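Going by the UniProt record's numbering, the first residue of the sequence shown is number 1, and it counts up by one from there. Cβ coordinates follow ideal geometry from the N, Cα and C atoms, glycine included. On a predicted model such as this, the values are computed, not experimentally measured, just so you know. The block underneath contains the structure these notes are about, expressed in structure tokens.
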Amino acid sequence: MTKSQRSTTGCVACKSRRKKCDETKPRCLRCLSAGRPCSYDYVEYSHSEKHRVKRTKPAAQNSYNSDIVTAETIPIGSSLPDPGPSAILSYAANSNYSVSHDMRGNDTSINLNQALARDPTRSLPYDISFDTQPIPIGRGLHSSNNPLGVVRVPTDAPQVYGTIPVTSGPSMHIVAELELEPEDDEDEEGTGDLEGVHAILCRPLTMDKNWAIASVFEPRKMAYIMREQIIEQFAFENSRVRTILLANIMSMYAKNLAIGRNGATMLRRLALTAQMDASRFIESPPSPVPELDQQNAIRVLDNVLEILSLQAHTLSTSECFQLVSNTAAVFRRACPEPEGQPVNFANIMLSPNLNLRHFGYLEILSNVATGRPLYFQFEVPFSLELCDQMYRMQDSCGLQWLYGVPDQFIMLFAWIYSLSQRPDSDNLELVAWIETNLPQIKLAIDHFGDPLLRIRRMAVLECWRFVVLIYLYMSNASDPRVVHTHTGFMRLIRGLKPGRHPDCLIAPIIIAGVATIEEQDRDTIRQRILNVQQWATRGTAANDHMRVLEDIWARTRAERRPAVWSDLREAYYRVSGQ
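Next up, the structure:
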């Protein structure tokens, strides 16, 4: 058999590190991404040898240990014989740890082949167990990740020992770290991948676009905002495993609009881990440096955004409330205001930190949609100038892309709620000011993509204008102002063809549903909600919302009276127990 043609013009850095070089000029992509200097040191030929093929100088030879380590021959709980500085594997001493799932095709497992291929120099935890049959470590490595069951150990590789827990909670453990350097015999310049096998096996890590399309109001904006946060979380050991598991659950949901028993178990354990992290943080004494304590609190809130979003689509309302309740105190410590003082809500909504904005956003949205009292006292300034500022900062600080509620309306809801807690809550001048200025609030629309989607998103935002007025007027559902506004809302809903927008964005329909009196209108709302698969699934938060409306309608029908706002809170307590 003839020897395969090898590359001969790799850069100095790749050759010295025994890595395959893509030979991009003036700097190869590997060096460019790693921030290393890159140069090409070509062999100089004499004048009589100018006909020879141009090539770079070979790297210095490194000796390799000829010992072969077979994974199946290493007993659990034992250590490798000390081979000096060439040891790169460490094994856990606890034989109960196992590789969960067959790595060849299960969505709930962590695909090590893909993760290691993305960045071979980064360590990756490989042991997560979720109620599955354990596979012995030797067999798991042999059958899934190392078909030959063999690891060659370079003599100049660094030593890495120890196991690192994801958290101290009971739900997850990392058995071992692997620092596997792919062995490219670079002084002979690679193997010449003529059939593109490397491109098939070593795909880069990508985000699941289907999850965003299935559950986010403006997926395009979300892609830019979330990408950097995901990359940042993936860079740290403690958040890396959580990020991978969340990605797996999102992938399950995107395929079937459901996550099944295994996915629900994984999500509940992730939520439990987040709650335990929050409890440990609250029990620990605050840092004497307030800014440092705020940063620590913000880090504790990492991944809560994704967990809450998944819970809202797949688990019950009570489980969503439980996570929010257990992390509320962490959010308060992340705010700069001293304890006992109101939190400036405008500063939260304009904060550059996504975790703070998201929690404040959800605090107001859940108060409006469920009648649940706020956890904190907020200082809520409001003006058209502030709305214009939020409009200009929508791409950097907004959260409209996630749930479809304009940030300006979240501020307005918070302001109306704060006014309702004052003795002069029936101030007609303030009501008239809101009526006059509400149409002047400019809302941001993503002008890229499908024009039909853009029109439907605009309709969702206009639904929220009607909902703001219903929330403002809602002394009872028979108030003439409520009836007039509700009529406009229903006209807009009936004019929209059933579909993901606005039906999956259930909050405006739920709020308007409280004020719905006519049976024909109730049937329309009922059909729009139940036509969405995830909302029709019993046991989910969205289905709980439908049960809440049914409870309100049944009680007001039996008592022959119009609904009042307190009925919403009572119905949620009857449905969710919270």
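Residue of the options minimising C-alpha distance to residue i
i: residue 16; options: 31, 26 and 400; result: 31
i: residue 386; options: 419, 311, 345 and 399; result: 345
i: residue 335; options: 322, 353, 216 and 323; result: 353
i: residue 552; options: 498, 476 and 485; result: 476
i: residue 490; options: 443, 550 and 523; result: 523
i: residue 275; options: 313, 324 and 248; result: 324
i: residue 258; options: 516, 564, 570 and 539; result: 539
i: residue 415; options: 437, 381 and 422; result: 381
i: residue 34; options: 44, 21 and 42; result: 21
i: residue 289; options: 313, 333, 273 and 251; result: 333
i: residue 534; options: 566, 313 and 292; result: 313
Start and end residues, alpha helix (DSSP H) containing residue i
i: residue 270; result: 260 to 283
i: residue 314; result: 304 to 314
i: residue 480; result: 480 to 494
i: residue 451; result: 451 to 473
i: residue 41; result: That residue, residue 41, is in no alpha helix (DSSP H); it is neither H nor E in DSSP.
i: residue 529; result: 519 to 530
i: residue 23; result: Looking at the DSSP string, residue 23 is not in any alpha helix (DSSP H), and its letter there is neither H nor E.
i: residue 401; result: 400 to 403
i: residue 328; result: 317 to 334
i: residue 411; result: 407 to 420
i: residue 368; result: 354 to 370
i: residue 395; result: 394 to 397
Secondary structure of residue i, DSSP reduced to three states
i: residue 578; result: coil
i: residue 171; result: Unreliable positioning characterises residue 171 in this predicted model, as indicated by a pLDDT of 38, which lies under 50. The coordinate reading is nonetheless provided below. Coil.
i: residue 204; result: Confidence in residue 204 is poor, its pLDDT being 49 and thus under 50, which makes the residue's placement unreliable; the coordinate value appears in the next sentence. Correct three-state label for residue 204: coil.
i: residue 558; result: helix
i: residue 382; result: coil
i: residue 9; result: coil
i: residue 431; result: helix
i: residue 300; result: helix
i: residue 437; result: helix
i: residue 120; result: For residue 120, the pLDDT reaches just 40, beneath the cut-off of 50, and the residue's location in the model is therefore unreliable, although a value from the coordinates is still provided. In this structure, residue 120 counts as coil in the three-state DSSP scheme.
i: residue 540; result: coil
i: residue 343; result: strand
i: residue 243; result: helix
i: residue 78; result: Low confidence applies here, because residue 78 scores a pLDDT of 42, under 50, leaving its location unreliable; read the following figure in that light. The answer is coil: DSSP assigns residue 78 none of H, G, I, E or B.
Neighbourhood of residue i by C-beta distance below 6 Å, restricted to the same chain and skipping five residues each side
i: residue 327; result: 278 and 304
i: residue 373; result: none
i: residue 441; result: 387 and 408
i: residue 379; result: 342 and 344
i: residue 563; result: 477, 514, 552 and 556
i: residue 351; result: 357
i: residue 390; result: 407 and 408
i: residue 571; result: 548, 551 and 552
i: residue 377; result: 342
i: residue 397; result: 350
i: residue 496; result: 459
Own chain partners of residue i with C-beta closer than 8 Å, once the 5 adjacent residues on each side are dropped
i: residue 447; result: 454
i: residue 311; result: 267, 271, 319, 320, 323 and 541
i: residue 494; result: 524
i: residue 425; result: 419
i: residue 246; result: 270, 303, 306, 307 and 310
i: residue 437; result: 384
is_contact[residue i, chain C] using C-beta, thresh 8 Å
i: residue 276; result: Note that chain C does not occur in the displayed structure, where there is just one protein chain.
Residues near residue i in its chain [Cβ-Cβ closer than 7 Å; skip 5 each side]
i: residue 369; result: 507, 510 and 511
i: residue 544; result: 316, 317, 575 and 576
i: residue 363; result: 374 and 375
i: residue 27; result: 38
i: residue 249; result: 259, 263, 266, 267 and 310
i: residue 498; result: 528 and 531
i: residue 29; result: 22
| Is there contact between the stretch 401 to 411 and the stretch 451 to 464, where contact requires at least three CB pairs shorter than 8 Å? | Between the stretch 401 to 411 and the stretch 451 to 464 there are three or more C-beta pairs closer than 8 Å, enough to call the two in contact.
| Counting pairs of Cβ atoms below 8 Å between the stretch 294 to 312 and the stretch 355 to 362, do you hit three or more? | Judged by Cβ distances under 8 Å, the stretch 294 to 312 makes contact with the stretch 355 to 362, as three or more pairs qualify.
| request: Kindly confirm or deny that the stretch 260 to 274 and the stretch 283 to 297 touch, where touching means at least three C-beta pairs closer than 8 Å. | output: No, because fewer than three Cβ pairs between the stretch 260 to 274 and the stretch 283 to 297 fall closer than 8 Å, the two stretches do not touch.
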